[in-house]
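Peer 1: One structure coming up, written as structure tokens, with questions to follow.
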Amino acid sequence: MSAATATPTSDKTTKPADRNPRRPRRSGWWLPYALLAPAIIFELVIHVIPMFTGIWMSFLKLTKAFISNWGRAPVIGVKNYQVALDFNGAVGASLLQSFLITCGFTILVVGISWGLGMAAAVALQKKFWGQGFFRTLFLVPYALPMYAGIIAWKFMLQKDTGALNHFLYDNLGISGDKPFWLIGDNAFAAVVIVAIWRLWPFAFLMLMAGLQSIPTDVYEASAVDGAKPFRQWLSITLPMVRPVNMVLVLVMFLWTFNDFNTPFVLFGNAQPPAGDLISFHIYNASFLTWNFGSGAAMSVLLLLFLLLVTGIYLLVLNRRSKRA
Amino acid sequence: MRETTPAKVFRMVVIAVLTVFTVVPVYVMVISALKPLRDVQGAFTWWPSELTITPFIDMWKTVPLASYFVNSVIVAGAATILSLVIAVFAAYAISRYRFRGRSIFSTTVLSTQMFPGVLFLLPLFLIFVNINSAVGIQLVGTRLGLVITYLTFSLPFSIWMLSGYLDGIPRELDEAAKVDGSGPMGALFRVILPAARPGLIAVAIYSFMTSWGEVLFASVMTTESNRTLAVGLQLYSTQTNVYWNQIMAASLVVSVPVVVGFLLLQRNFVAGLTAGAVK
Amino acid sequence: MKIRTLAATAAIAALALTTSACGGSNNASGSSESSGGGGSITYWASNQGTSLDNDKAVLTPELQKFQDQTGVKVNLEVIGWNDLQTRIQTAVTSGQAPDVVNIGNTWAASLQSTEAFMPFDSSAMDAIGGKDKFVKTALDTGGMPGQDPTSVPLYGLAYGLYYNKAMFADAGLTPPTTWEDMVADAKKLTTGDQHGFALAAGSYTENAHFAFINAAQNGADLFDSDGKPTFTSDGVVDGIKRQLDLMQTDKVVDVANAQYDNGTKAVNDFATGKVAMIINQNNADSSIVANGMKSDQYGVVAFPAPKGGKDVASHVAGINLSIFKNTKNKDAALKFVKFMTSPETQTALDKPFAALPVLNGATANFTDNPEEAKIFSDIYANKSKPLPLVPAEDQFESTVGKAMNQMYATIASGGTVSTDDIRKAMETAQQQVAAAG
């Protein structure tokens, strides 16, 4: 991506390899490749080859009976995909449900996290007493190891011993029975809140970094023109942080859609349908049933979906930025 | 510039709401870690019946937290250093050279961020097993295997962020180093890296946090001998009792190094992001 | 450029295929390094005592004895239940396995179907002391009928109904002998904060066990003779309903139990006097005592069946020992299994782990309370039925158990679960089992 966003300082003529691409190779042509080699090797071994292996696995009947000797597992073509996409069957129906829940989860988490991050970044944009303190404070959830924060929430969301119910029912005096948060339908709210708590500081961090690069005289000039803060935000801030937003929203989308840690740590074995995010669902589908072929097929479908969304996203944005 | 009243109100409301949202879970963590067991087993209270530090003492006995801690430090530390070195080389190549395959490399590496972890979890496990039987390097159930896995998790984002940062370092510096007789590597080490310090710190923080907090692969790839904190912390609730106070105490203890480190270095992190990712 | 990319992709794909093809052929080579060399084996033990450390402390002197006798050193790793399935799975998948592992016996048939475990054929059986030394029902849990078992019994367990003697005496009640009595008693004992019953309603394994026991009391089977699931039969559905109704209509179980994801939480409630009864396996004893209740303060009776139902009070629960097929130390592993299932070791381990003997002629020594020992021995010998010995047993546990988790969750958050809802959920579970095969 950095290739597409070459900085103004990159003066093309100083780059030796660029000058005459068709000339015979000059000495040192191998250097960039040598520099990249370690990264390429590790990426191949840890990401690329396993991914292709996973794709291959999705065409196998890789169940309990074959897992100890999986060279023997029969190839069954797209059978795993058929089962996963048969929304009338039990497996397909629960996958579809998990997918829809994950979509809702992602929209809410990314949207609200972005909103909170932007609000905080704007609120902390101007210097005031305590600015540095709050900036540091807001980064704490992001700095905490993921599982530590989620475990704290898990404790807070307990029905009888949790802080949330204590606050709502004992402190605020709402009447009625204390609800469950980690089982039943409330599990969705629980997983959304916890994920937002984890994610919004990242949006804040990125947007804050983006806002810092906006020179203050732009605001001053528009203030002289009589622009209200909200108008300023709309006409100056938003366009100026657009490059940040492009990356930020995509990265947050991918992280959130693939989120495994939040439901895994929050729910453990319970796996309530309302909080059954897709990565968690696939993990359970493959490890609990030992059907790794079917799990791989579901993962491939997930990957295809993410590729599609990312592709469309980049296409639309690139076209728009070219027009602009 | 004068601030309007609505802007002030907006700022105060936003800060108040977000402070509560941020602080309450942290407060609950801290206060529960200071409670005796009977307090955390009964209804929640905002203040303990008595303040006690026994959870911080008992937690080392309930599960072998110390050895998990050591594992996490070694794994996250080694993964960070290796990932940093590899990312520096790759980012230098991308930032300073135009070569065939450059954009393919960048795109591919970044797109690995998209892979769902569950897709390559089992295959990776099997590849490790095969490496073991082919060349005899034990990767499953060892720290080495975790280090290799984790360093690649942070690699894509690190390369991308760092190459953006290096782009921002004027090429005149390279030229000056060349005039002084340095080769490309000499320029990298003598001139560029010192100038890229905030970027390097940002990448190191990111890598360390990624490794320190990883759960999915740790849950499959670790055994008693290389178990990291991410998995180890969950063992508190599988015993005969759920020791919430000890869990919270342990969570705090494992968080402190990362949080303090991050908060101390956050200016660098922001600077690295601004120069790199934000471009 | 394009061609090159294509070629690179193809090369990667080819490489991936070779790597994975290797996966099939050489899985026998990976027995863990620590177990290599003369005279040492690796043993994975599931968590039996009050903590992983407690298990280590109990087992270490016995393993030392074994080393003194045979010269074989045993590298012990105690594994928590949350980890055990994943660990066994990765061991099976990779072939990087311990030599000997102990497993919940309900998984025996399922794990047998992975073919990763050594069948105890007649010579192996002879090496560990002959199959006749084991209680037959216990040995039957070792694998599918008609095949050499891939596991042999190590610790025996059975469900019993624990009741708080003082609470029963205060209410003028005697321990129940039928389901109806049990519910009536529980209703009387549900007052204020106190509940008649505690259940690990958020634990899918516990729930699955009760689905089985209640179905068995109704005379219903979970799988037909072809190994096909029959979860939707009236007996099964009615059995599950009966169990759910403890919370739903009888209201003798606190709704908070829907979040109890392991048995110990219910045990704690019992030991601290919050509930009058629990149904638990006999290894609850150590946890009860650890929570401050003395062994003369509670009594145990068989988990009662409804009037006219079959007298099934438990599944044949317990822990079995298996040897991984690719062990390089088969002789040492067999010696170790023989040692662990010898009368002396059994006597030494049954007490701290609160287990029932799996050997013929042995007497239960897990409790000081002879009455309790007698009742559990009777349940184990006469009122227990093995869980279905089919490869899909683990699928039954996870699908039906998890479905019950959800139904408890629905009830706990104020909803209702009707017979039709249960049947529908069982239909889904049945399809999932079929799809997993």
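Protein chains in written order, with full-length UniProt numbering: chain A, 1 to 324; chain B, 1 to 279; chain C, 1 to 437.
Each residue gets a CB set at the ideal place from its N, CA and C atoms; glycine is no exception.
1) Taking DSSP as the reference, what is the three-state secondary structure of K56/C?
2) Contact criterion: CB-CB distance below 8 Å. Does I49/A meet it with respect to chain B?
3) Using a Cβ-Cβ cut-off of less than 9 Å, list which residues of the segment 70 to 87 of chain C approach chain B; keep chain order.
4) Contact criterion: CB-CB distance below 8 Å. Does N207/C meet it with respect to chain A?
5) Taking the alpha-carbon of V24/B as reference, which of F267/A, G226/A, V194/A has the nearest alpha-carbon?
6) So what's G261/B in DSSP terms, helix, strand or just coil?
7) In chain order, what residues of the same chain have a beta carbon less than 7 Å from the beta carbon of A3/A, not counting five sequence neighbours either side?
8) Rounded to a whole number of angstroms, what is the C-alpha to C-alpha distance between residue 438/C and K228/C?
9) In terms of residue numbering, what span does the alpha helix (DSSP H) encompassing Y243/B cover?
10) Could you tell me which uninterrupted alpha helix (DSSP H) segments, each at least 4 residues in length, are contained entirely in the segment 154 to 196 of chain B, listed from first to last along the chain?
11) What distance in whole Å lies between the Cβ atoms of L139/A and F262/B, which are believed to be in contact at a cut-off of 8 Å?
12) Can a CB atom of chain B be found closer than 8 Å to the CB of F267/A?
13) Should R11/B be flagged as near chain A, meaning a C-beta pair shorter than 8 Å?
14) Using a C-beta cutoff of 8 Å, does S25/C count as contacting chain A?
15) What ranges does the alpha helix (DSSP H) occupy inside the segment 233 to 299 of chain C, keeping only unbroken runs of at least 4 residues that lie completely in it?
16) Which residue marks the beginning of the beta strand (DSSP E) containing I103/C, and which one marks its end?
17) Can P229/A be considered in contact with the ligand ATP, in the sense that its beta carbon sits closer than 7 Å to one or more heavy atoms?
18) When we look at the beta-carbon of G293/A and count the other beta-carbons within 10 Å, is it buried (16 or more) or exposed?
19) Can you tell which of L349/C, I323/C, T327/C has its C-alpha closest to the C-alpha of S286/C?
20) Going by alpha carbons, who is nearest to T223/B out of N268/C, L84/C, H315/C?
21) Which partner residues does K385/C have in the DSSP bridge list?
22) Only counting the same chain, and skipping five residues up and downstream in sequence, which positions put a Cβ closer than 7 Å to that of V270/B?
23) Name the DSSP bridge partner or partners of V301/C?
24) Chain C partners of V83/A, CB-CB under 8 Å?
25) Helix, strand or coil, according to DSSP, for P149/C in the structure here?
26) Given A73/A, which residues of its chain have a CB within under 6 Å of its CB, disregarding the five upstream and five downstream residues?
27) Hey, how far is the Cα of G42/B from the Cα of L164/A?
28) Which two residues bound the contiguous alpha helix (DSSP H) that contains I88/C?
29) Residue 308/B versus chain C: which residues are under 8 Å apart at the beta carbon?
30) Return the residue from the list L122/B, Y206/B, A250/B, I137/B that minimises the CA-CA distance to T86/C.
31) Are V237/C and M407/C touching if we call contact CB-CB under 8 Å?
32) How many Å lie between S42/A and L126/B at the Cα?
33) Does the beta-carbon distance from I379/C to A158/C come in below 8 Å?
34) If you draw a straight line from the alpha carbon of P257/B to that of S219/B, how long is it in whole angstroms?
35) Looking at C-beta atoms only, is the number of pairs between the segment 295 to 302 of chain C and the segment 365 to 384 of chain C that lie closer than 8 Å three or more?
36) Closer than 7 Å by beta-carbon distance: list the chain B residues that pair up with T90/C, in chain order.
Peer 2: In short, the structure shows the following:
1) helix
2) Against chain B, the CB of I49/A has a partner CB under 8 Å away; the residue lies at that interface.
3) Result list: E77, V78, I79, G80, W81, N82, D83, T86, R87.
4) Contact of N207/C with chain A is not assigned, every C-beta pair being separated by 8 Å or more.
5) V194/A
6) helix
7) Note that A3/A scores 38 on pLDDT, short of 50, meaning its location in the model is unreliable; the coordinates nonetheless yield the value given after this. Contacts found: none.
8) Beyond the ends of chain C as shown, which are 1 and 437, falls residue 438/C; an answer cannot be given.
9) Looking at the DSSP string, Y243/B is not in any alpha helix (DSSP H), and its letter there is neither H nor E.
10) 171 to 179, 184 to 187
11) 7 Å
12) no
13) Yes, R11/B counts as interfacial toward chain A.
14) Residue placement at S25/C cannot be trusted, given a pLDDT of 33 that sits under 50; what the coordinates show is reported in the next sentence. Chain A contact via Cβ: present.
15) Counting only runs of 4 or more, we get 234 to 248, 263 to 271, 284 to 290.
16) 100 to 104
17) Here there are no bound small molecules, and the ligand ATP is not part of this structure.
18) Burial call: buried.
19) Relative to the Cα of S286/C, the nearest Cα in the group L349/C, I323/C, T327/C belongs to L349/C.
20) With respect to the C-alpha of T223/B, the residue from N268/C, L84/C, H315/C having the closest C-alpha is L84/C.
21) H315/C
22) none
23) L161/C
24) A435
25) Three-state DSSP puts P149/C in coil, outside helix and strand.
26) L60, K61, L62, F66
27) Annotation: G42/B to L164/A spans about 14 Å, alpha carbon to alpha carbon.
28) First-last of the alpha helix (DSSP H) with I88/C: 81 to 94.
29) Residue 308/B cannot be examined here, being either before or after the span of chain B that is shown, 1 to 279.
30) Answer by Cα proximity: L122/B.
31) no
32) Reading off the sequence shown, one finds Phe at residue 42/A, where the question assumed Ser. When rounded, the distance between both Cα atoms is 16 Å.
33) Yes, these two residues count as a Cβ contact at 8 Å.
34) 22 Å
35) yes
36) F125, V220
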